[in-house]
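Residue numbers (mature numbering (1 follows the signal peptide of the UniProt record, and there is no 0)): -23 to -1, 1 to 991.
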């Protein structure tokens, strides 16, 4: 009995222990659950419903984003990455004592990082990247001694980096602090982080020197400290890190020189970015021992001396050392260049603005065919441009301006079919411009100015239809201006033919330059009258025609060019009155009318009220005007004698005016009645379907692959030439085997039969019948758009992705965005029954010869009832991945909100150059979030399409040359506004999307702001 009692006591004791253990586990579980519910209370926006799913219907270990341990059922991982969550992080997070990973990247968590995180002693991974956290980095983080990965990138954190982090986090391997507002110095204590592999803190406001202690971290392989205010020298200990492969500290104030033994002390270096500092001294010859080196960028420093041989750098891809003082001025400065010949990976060389003397090697054709960019501008190169250039078949940029090159431009240059920039201005080149240059159909910028070129401007330049910049000034060119050159509709940045001996008149074709902003034909021998077609150059801001032989009056049609800023008509033979409309040009900063034959009264307002802005000297018969011009008063006409002479004149004038008004009213009424009764073609009527299969077969050369210009979901598009007028058309041939092709054909015919708008592609006719084998055949015939699609302009680039083959500047992108908005406004609000496009994307936006955007492909479009806006078509909505509104994927009905979403994606794509399906967008990150996060962190310029940034920089340089350097603030304001428009159109909630009419108004404001940037 006694033994039984002992046994019973043991059992009861065990049960008691188990009960206590279970109670503690339940208590721990409850602590985690309550902490999660506290987090939930602070979430104000949860578009994916992740947090909303946290309820008592399920155990908290089953909640989205929550992972628990199998044994204790304690929360070990909280992962809400890229869920678009908005809210704050509560102090109760510190109660989840078993938490090992806290991953909240790519959201909009705000407020301070709770100090209670320091209680999470088991925490190994803390990712708070790309949120809106403010305040200082909590010192208590140093208590998380097991921390391995700490990422606080892309927030708004302030204050200093806590010294304590370097004293306690001995297991830390990754420390990312980029893009915050951190101040102070890098703590010396960081040197104690012996496990650290990667340190990144660029784009802050850090100051002081780089601590010597960083060299103590023997595992450190990645250092990124750019765009701060660091000073002093780079410690030698850093260069002694044998594992270091990435060293980046650009845009600081670092000084000193590179160590002479860098080739042996830093054998792993692959990427070196130290541009825009104060580094001096010579490039050490040991650099040739860095056999892993891929890119070295040391531009904008104070380096000097010769560049050593680079022949051992077999992996080298890019060498950037422009804006230094490299070279000694002796002919052997170029010896290093030959050492690049056997480096097959080499792509880009930038050594502009140095002191390098010598010749380009004749064997340059033996260099790597990957060679894409060469820059030697503003050096002391002499000799000829080698013919071997032609063998560099992938060359895209040649920048040799302002050297002492002689001889002729190689005829073989025309074989560089991928060449996009050819700048050789400011040399001593002679001979004629070779006609082979017309083969450079990918050319974007051509600058041959300030040479000794002679002969005529080759008309074959008109083949270079992508040219946006053409500079031929200050040569000895003669003959007339070819009309083919003036027909390059892509010319938008600058056309400069000044300082030559060109003769004849300015061709009427100048009106084709509808996108041109800068035209200079001054200092030639041009004559005749200024063509009235100049008024078609609606974007013209700078016009220089001085020092020619022009005559006659200035055309009244130029009154439409209200964006003009600089006008110079001086030293010609212009006559007549000074146009009064000039005083209405509110942007006009300078008007030079001097030394002509103008006469009569000078206007008083606008530019004429500023004596330094309006120059009128050298015209003997001018009078009146503003007192600042100091002209004699105009004499009043002496009235004729006679009692009734003056009243009679008044009566005649009044009567003539009334008669003119009445005549205009009658004409307007007649035009209105005529338009009202003119029938519009009905595509549903068989009488309109006149074109036959045979004619289309002939027009497309048997639907040959050479004529194929695109493929879509329902068929293929061919370019065709229709007889008898040889008109170019686009022919969309429907694939009748496709299930939805017939409905697509019917939808497009039905939608476009009554729609007419300048921003919609015009449907000319259609074909509905059979082919020669009796198969059902249907095709739609549209106007042909010579400039292709918006997708071509945004994404047609070389394999390396460094330069676009086609390119839109910021002003053009805003214009395209406005054109598309006009089209949507018409479809949604300007028709009797609203139309929803349902498949709006860049490939369905075409660009005509005037660079006007037109929306096309209405195969998925829908009519909506006037009231409920419900669908009346039975075509299934598919749209395109990335552009289709998210609500369509959840079964929502078609609405105009869906088009607005697609439009917003196009805006963001035009800004970033990234498609919504880009591989960079994963784990919940999308184009909307990508731009939104950059906007909230004031980092818009970092995400802008690189070619757009390149254009803005070029424009800034160009403007500085004419004394009007533009401010970054103005451009940033425009980019920010576009981001806001795109984001407002792509919100998840359809009804929160901005109205299309409001978009139009916002874009008009952007255009006004953009014009103020000039």
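Glycine is no exception: its CB is placed at the ideal position from the N, C-alpha and C atoms.
Exercise for the section: Within the same chain, show all residues whose beta-carbon is closer than 7 Å to that of residue 705, passing over the 5 residues directly before and after it, in chain order. Expected result: Position 728 of the chain shown, counted from the start, is the residue given in the question as residue 705. The answer, listed in chain order, is 696, 698, 761.
Exercise for the section: Could you spell out where the alpha helix (DSSP H) holding residue 802 opens and where it closes? Expected result: Locating residue 802 in the chain shown gives position 825, counting from the first residue. Element bounds for residue 802: 787 to 806.
Practice task
For residue 867, count neighbouring Cβ atoms within 10 angstroms of its own Cβ and tell me buried if that reaches 16, exposed if not.
Solution key: One-based indexing of the chain shown puts residue 867 at position 890. Classification for residue 867: exposed.
Practice task
Check whether the Cβ atoms of residue 168 and residue 201 lie closer than 7 Å to each other.
Solution key: If you number the chain shown from 1, residue 168 lands on position 191. If you number the chain shown from 1, residue 201 lands on position 224. Contact: no.
Problem - Collapsed DSSP secondary structure at residue 453 in the structure displayed - result: Working through the chain shown from its first residue, we reach residue 453 at position 476. Residue 453 carries a strand assignment under DSSP once its states are collapsed to helix, strand and coil.
Problem - residue 607 (DSSP reduced to helix, strand or coil) - result: Translated into positions along the chain shown, residue 607 becomes position 630. Residue state, collapsed to three classes: coil.
Problem - Test item: CB-CB of residue 468 and residue 490 under 7 Å - result: In the chain shown, counting from the first residue as 1, residue 468 sits at position 491. In the chain shown, counting from the first residue as 1, residue 490 sits at position 513. Closer than 7 Å, so yes.
Exercise for the section: Give me the Cβ distance between residue 311 and residue 335, rounded to the nearest whole Å; I'm assuming they're in contact under 8 Å. Expected result: The residue you call residue 311 lines up with position 334 of the chain shown. The residue you call residue 335 lines up with position 358 of the chain shown. Yes, residue 311 and residue 335 are in contact; Cβ-Cβ is about 3 Å, under 8 Å.
Exercise for the section: Express the C-alpha separation of residue 784 and residue 813 in angstroms, rounding to a whole number. Expected result: Stepping through the chain shown from its first residue, residue 813 is reached at position 836. Stepping through the chain shown from its first residue, residue 784 is reached at position 807. Their backbone Cα atoms lie some 29 Å apart in a straight line.
Practice task
Taking residue 161 as the reference, give the member of 148, 170, 183 with the closest Cα.
Solution key: Residue mapping note: residue 161 aligns to position 184 of the chain shown, counting from 1. Checked all of 148, 170, 183; the closest Cα to residue 161 is 183.
Handout entry: Per-residue burial, residue 77 [other beta carbons within 10 Å of its own, 16 or more giving buried]
Key = Counted from its first residue, the chain shown places residue 77 at position 100. Its Cβ being crowded by 16 or more others within 10 Å, residue 77 is buried.
Practice task
Keeping to the same chain, check which residues put their C-beta closer than 6 Å to that of residue 447; ignore five residues upstream and five downstream.
Solution key: Along the chain shown, one-based indexing puts residue 447 at 470. Excluding sequence neighbours, residue 447 sits near 423, 472.
Handout entry: Pairwise C-alpha distance: residue 276 and residue 315
Key = Here residue 315 is taken as the residue at index 338 of the chain shown, counted from 1. Here residue 276 is taken as the residue at index 299 of the chain shown, counted from 1. Taking the straight line joining both Cα atoms gives about 21 Å.
Exercise for the section: Rounded to whole angstroms, what's the CA-CA distance from residue 32 to residue 121? Just pull it up for me. Expected result: Numbered from its first residue, the chain shown carries residue 32 at position 55. Numbered from its first residue, the chain shown carries residue 121 at position 144. Cα-Cα distance, rounded: 30 Å.
Practice task
Would you kindly work out how many angstroms separate the C-alpha atoms of residue 599 and residue 606, rounded to a whole number?
Solution key: Your numbering for residue 599 matches position 622 in the chain shown. Your numbering for residue 606 matches position 629 in the chain shown. Near 11 Å, if we compare the C-alpha coordinates of residue 606 and residue 599.
Handout entry: 3 or more residues per run - each beta strand (DSSP E) lying fully within the region 381 to 461
Key = 398 to 400, 407 to 409, 422 to 424, 429 to 433, 446 to 448, 453 to 456
Practice task
Look up residue 63 in the DSSP assignment and give the residues it is bridged to.
Solution key: If you number the chain shown from 1, residue 63 lands on position 86. 22, 85, per the DSSP bridge assignment.
Practice task
Return the chain-ordered list of same chain residues with a C-beta closer than 8 Å to the C-beta of residue 14, the five sequence neighbours on each side being excluded.
Solution key: Counting from 1 along the chain shown, the entry for residue 14 is found at position 37. Contacts found: 31.
Practice task
Report the rounded CA-to-CA distance for residue 58 versus residue 105, giving the unit in angstroms.
Solution key: Taking the first residue of the chain shown as position 1, residue 58 is located at position 81. Taking the first residue of the chain shown as position 1, residue 105 is located at position 128. C-alpha separation (whole angstroms): 9 Å.
Problem - Run of the beta strand (DSSP E) containing residue 742, from where it starts to where it stops - result: The residue given as residue 742 occupies position 765 in the chain shown. Counting along the chain, residue 742 sits inside the beta strand (DSSP E) bounded by residues 740 to 747.
Practice task
Report the option in 404, 50, 64 whose CA atom is closest to the CA atom of residue 28.
Solution key: Position 51 of the chain shown, counted from the start, is the residue given in the question as residue 28. Comparing C-alpha distances from residue 28 to each of 404, 50, 64 shows the shortest one belongs to 64.
Practice task
Measure from the C-beta of residue 707 to each C-beta in chain C and report whether the shortest distance is under 7 Å.
Solution key: Absence of chain C from the displayed structure is noted, only one protein chain being present.
Handout entry: Inter-residue spacing [alpha-carbon to alpha-carbon] between residue 208 and residue 186
Key = The residue you call residue 208 lines up with position 231 of the chain shown. The residue you call residue 186 lines up with position 209 of the chain shown. Going from the Cα of residue 208 to the Cα of residue 186 covers about 5 Å.
Practice task
Could you tell me whether any non-hydrogen atom of the ligand GTP is closer than 6 Å to the CB of residue 499?
Solution key: What this structure holds is no ligand at all, so the ligand GTP is not there to describe.
Practice task
Mind listing, in chain order, the continuous alpha helix (DSSP H) runs of no fewer than 4 residues lying wholly within the region 234 to 320?
Solution key: 239 to 242, 312 to 315
Practice task
In the DSSP assignment, find the unbroken beta strand (DSSP E) run with residue 327 in it and report its ends.
Solution key: Within the chain shown, the letter at position 350 stands for residue 327. Unbroken beta strand (DSSP E) run through residue 327: 325 to 327.
Problem - When 756, 819, 679, 239 are compared against residue 876, the one with the closest alpha-carbon - result: Position 899 of the chain shown, counted from the start, is the residue given in the question as residue 876. Closest option to residue 876, Cα to Cα, is 819.
Practice task
Check the DSSP bridge columns for residue 206 and list the partner residues they point to.
Solution key: As a first step, residue 206 must be located in the chain shown, where it is residue number 229. According to DSSP, which records beta bridges pairwise, residue 206 is partnered with 184.
Exercise for the section: Starting from the Cα of residue 333, find the closest Cα among 304, 359, 313, 732 and give me that residue. Expected result: Looking up residue 333 in the chain shown gives position 356. Answer by Cα proximity: 304.
Problem - Between the CA atoms of residue 296 and residue 372 - distance to the nearest angstrom - result: The sequence position of residue 372 within the chain shown is 395, counting from 1. The sequence position of residue 296 within the chain shown is 319, counting from 1. If you take the alpha carbons of residue 372 and residue 296, they lie about 16 Å apart.
Practice task
Could you please give me the residues that DSSP links to residue 551 through a beta bridge?
Solution key: For this step, residue 551 is matched to residue 574 along the chain shown. BP columns for residue 551 point to 529.
Exercise for the section: Measure the CB-CB distance between residue 494 and residue 518 and report whether it falls below 7 Å. Expected result: As a first step, residue 494 must be located in the chain shown, where it is residue number 517. As a first step, residue 518 must be located in the chain shown, where it is residue number 541. Cβ atoms of residue 494 and residue 518: closer than 7 Å.
Exercise for the section: Note down the Cα distance separating residue 213 from residue 347, rounded to an integer number of angstroms. Expected result: Position 236 of the chain shown, counted from the start, is the residue given in the question as residue 213. Position 370 of the chain shown, counted from the start, is the residue given in the question as residue 347. Using only the alpha carbons, I get a separation of about 35 Å.
Practice task
Identify which residue in 99, 545, 298, 433 has its Cα closest to the Cα of residue 355.
Solution key: Counted from its first residue, the chain shown places residue 355 at position 378. When each option's Cα is compared against that of residue 355, the closest is 298.
Practice task
Leaving aside the five residues before and after residue 983 along the sequence, list all residues of the same chain whose C-beta is less than 7 Å from its C-beta, in chain order.
Solution key: In the chain shown, residue 983 corresponds to position 1006, counting from 1. The answer, listed in chain order, is 791, 951, 954, 955.
Problem - contact_flag[the region 545 to 553, the region 519 to 531] where n(CB pairs < 8 Å) is 3 or more - result: Yes: the two stretches touch, three or more of their Cβ pairs being nearer than 8 Å.
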